[in-house]
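Beneath this line is the structure, given in structure tokens, with notes to follow.
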Amino acid sequence: MHPKVSPECKRAAKRYLTSLRAMDMWALRMHDSSAKLSSGILNGNVNQFGDYDQCLKIRGGEKNNAADQQNLQGQYCLAAIQPSVVSNAVFLQHVLSLAQSRGILTSQLSDPGHRVPRFSTVNWALCIPSACSADDVRKSLDEFLHDQTQGTGLRMEVDVEPESCQLKNTIWDRYYTNTTALVWIGFVAYIAMVCLSTYYEYKSENKNEWLTSFSLIRNTKTIFCVKEDPNDVACIHGLRFLNAFLLIVAHKSMALFYNPYINRTRMSEGLGQPWTVIGRAASLFTDPFIMFSGFLTTYSLIGRLMRGQRVKLHQEYIGRILRIAPPLAALILFCTFVLPYISSGPQWNLVVTNHGDLCKKYWWRNLMFIHNYFGFKNMCLTHTHHIGIDTELFAVSPLFIWLIWKWPKKGTITLVIIALVTTLHRFYITYKLRLANYVHFGTSVKQLFDTADNMYILPYYRLTVYLMGVILGYSCRAFKHIRLTPNQLRLGWYVSSFLLALAFFGPAPMGSIHYKYNSFHAANYAAFSPIAWCIFFSWVVFTSHLGYKNTLINLLSWRGFRVTTKMSYAVYLTQFPIFFYQVGRVRSSLYYDFVITVLFDFNEYGVIFLASYLLTVLFETPYSNIKRLLFDKRREKQPTPMLHDKQKQLDISVNSSKSIIYSADPIAKELKDR
């Protein structure tokens, strides 16, 4: 034992060894609960979690000696070990490569582990007496491994974080406060209010809309209503669903890297194939959501301007906050003060309570929508960075819309120039800092964090596709009566489909097990793949809006996708907490199979759907009702000015002085007549 270990730990360890030799049951259980070398080391079966539950149930010491029993409780510690080869032994390097699963994702002990797994680090469980601290365990294990590997060419670095050591009631002892109780009471009171609103709607004949805003009956009907809206661009719902599904698969693939697999090396070799691009291009799947945000904002505001309605920006901003802030706040409170107490497991503190600790410090950044400027390492619920990006772009969108509305040609050229500048800057920053917007084989955790902090979570570098959405929204309003020839349609579909395939499959070689990082490849992907990817979706939306239909557009316009759109925000919010909930509870090694583990894990998808429904029906739809009562009804009462247009259609024409002439008929009538 290391000489600097605390006296209490030395005494407890001595008692443990003496009792183990005497075959005392508590000592045998403690020994049995610690990890042991298992078969399948060369197949990556190196992460050993021991017996978590048995360890925490151990009570040693004399029955009538409370202090003795206190020091000899079972304490579960998950040590992190970083092996490396210090010699030039090629064979030893090959063996370590197999044990570390070919290094599909490389990491160091210093890397944050709460958002992206330290994949090349070995997790090893130890069941020890409660008198020993995490530092005692680190010193002793470090000394033991140093002695065992001396002269072998291997070096073992060890780290044992305090959060990695757990007693039976660790969560309650460390984290429970009066604030926790207040939050629980708050959730109960809120649910009681929802129940009262639901009961009121069920019993009342003359219903007050304010009092039914929180009703489960009303809001469930709203969520599952698939009635077509004449102002709607129907295919967007299907496009959102497609990208949301791809994003879930990509996020789930990364979350599963936390799990111990008995065939982890085989998993890595399988994921080193071109088809695994679906799980590597998560950044690409978020770009259409940013583009659609710009499109829908522009499409809505331009449409109201064309109808002669006043646009009150303060109402737009307040309305948006009413829609997105309550679900976000509810999720932060739940993940900080409720989720940590629901379950437990070897990695529970790493992937669950760790996020809660960060949220206790930095929740205000999320609710001010500025959290994406502070980096992944110190961000409350890192997956919510997209909300910050989208909200910040929405805040400045009136400027872009005003430019293109006031001066259509000059405004469009200006937006294209801005988009070009941000694209070139995205290329430059990726090339200079050697970033990786695509999870290539051998990506390091540090590289992923650097990519996020320096580019991916900053709105400036995501502005290109947002401006594409602004231009698309204006084009759908301004040029809705143009007609395309069959050759133009075919050319548009061929070009956009080629760009889609290029963006999706082009980087597939970077996923190969033999790929070596190339900053030029990475810069090309980061700069141009979002544009190519979003051009296809822009073309689908534009041709659909013009009235051109085909099998793909009809499929994407299926009314059922309206339900997924209404829950898409909640799906985005809830998926990572659910993934981490599952990861934190894992207690033993699993068998990896992509089809079963990822694509057809219907239990987990069902939980995501249920959680998304609850978050939407409880915290999103009610505040959308309030927003409508506050602002939309007033807007509906505003008279629509009759502008000069003999044909009474919502046409747009640009005359020689660049002035725009509108008609008074609403777009709903135009679409209905079509």
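Heads up: the sequence shown begins at 1 in our numbering, then just goes up one per residue.
By construction, the Cβ of each residue, glycine as well, lies at the ideal position given by its N, Cα and C atoms.
The model shown is predicted, which means the values in this text are computed figures rather than measured ones.
Check whether the Cβ atoms of S588 and W539 lie closer than 7 Å to each other.
no
Beta-carbon gap between Y438 and R280 smaller than 7 Å:
yes
Report all residues from its chain with a CB closer than 7 Å to the CB of F520; omit the five preceding and five following residues, and keep chain order.
Y431
Short Cβ contact (7 Å threshold) for P112 with K377:
yes
At the level of alpha carbons, what is the spacing between V183 and L552?
47 Å
Just grab the DSSP bridge partners of C165 for me.
C77
Integer-rounded CB distance, given that I513 should sit under 8 Å from S213:
Between I513 and S213 the Cβ distance is about 55 Å, and since that is not below 8 Å, they are no contact.
If you count every other CB in all the chains shown that lies within 10 Å of the CB of E209, and 16 or more means buried, which is it?
exposed
Look at the alpha carbon of F449 and the alpha carbon of N372, and state the distance between them as a whole number of angstroms.
12 Å
Fully enclosed by the stretch 590-614, which beta strand (DSSP E) runs are 3 residues long or longer?
none
Once DSSP output is grouped into helix, strand and coil, what is the label at V439?
coil
By alpha-carbon positions, which one of I342, F187, S6 and T464 ends up nearest to A330?
F187
Please say whether S624 and R323 have beta carbons closer to each other than 7 Å?
yes
Reduced DSSP category for C127 - H, G, I as helix; E, B as strand; rest coil
strand
Whole angstroms are fine: how far does the CA of K252 sit from the CA of F676?
This structure does not reach residue 676, given that the chain is present from 1 up to 674, and the question cannot be answered.
Inter-residue Cα distance where the pair is D651 and E316:
Only weak support exists for where D651 lies, its pLDDT of 40 falling under 50; the value from the coordinates is given anyway. If I take the Cα positions, the gap works out to 25 Å.
Thinking just about the alpha-carbon of each residue, which of L615, K566, W407 and T597 is nearest to the one in I223?
K566
D159 in three-state terms, based on DSSP:
strand
Where do the ends of the alpha helix (DSSP H) carrying I187 lie?
The displayed chain sequence assigns Phe, not Ile, to residue 187. Element bounds for F187: N178 to K203.
Beta-carbon proximity list for Y16, same chain, < 6 Å, skipping 5 on both sides
A27 and P129
Just curious, the alpha helix (DSSP H) that P577 is in, first and last residue?
F561 to R585
Cα separation between P346 and Q48?
10 Å
DSSP state of A478, grouped into three classes?
helix
Go ahead and label Q647 buried or exposed: buried means 16 or more other beta carbons lie within 10 angstroms of its beta carbon, across all protein chains shown.
Residue placement at Q647 is poorly supported in this model, since its pLDDT is 33, which falls under 50; the coordinates are not used for a value here.
Leaving out five residues before and five after K406 in sequence, what residues of the same chain have Cβ atoms less than 7 Å from its Cβ?
none
Neighbourhood of V617 by C-beta distance below 8 Å, restricted to the same chain and skipping five residues each side
L216, N219, T220 and I223
Three or more C-beta pairs below 8 Å linking the stretch 572-584 and the stretch 337-357:
yes
Compute the distance between the beta-carbons of I302 and Y591, then report whether it is under 7 Å.
no
I need the straight-line Cα distance from S204 to P622, nearest angstrom please.
18 Å
Kindly give me the distance between the Cβ atoms of C681 and S33, rounded to whole angstroms, as I take these residues to be in contact under 8 Å.
The structure shown does not extend to residue 681, since the chain spans only 1 to 674, so no value can be given for it.
If you compare alpha carbons, which of S300, V160, L20 and V158 is closest to D632?
S300
Which whole-angstrom value describes the C-beta separation of V277 and F504, a residue pair presumed to lie in contact below a C-beta threshold of 8 Å?
6 Å
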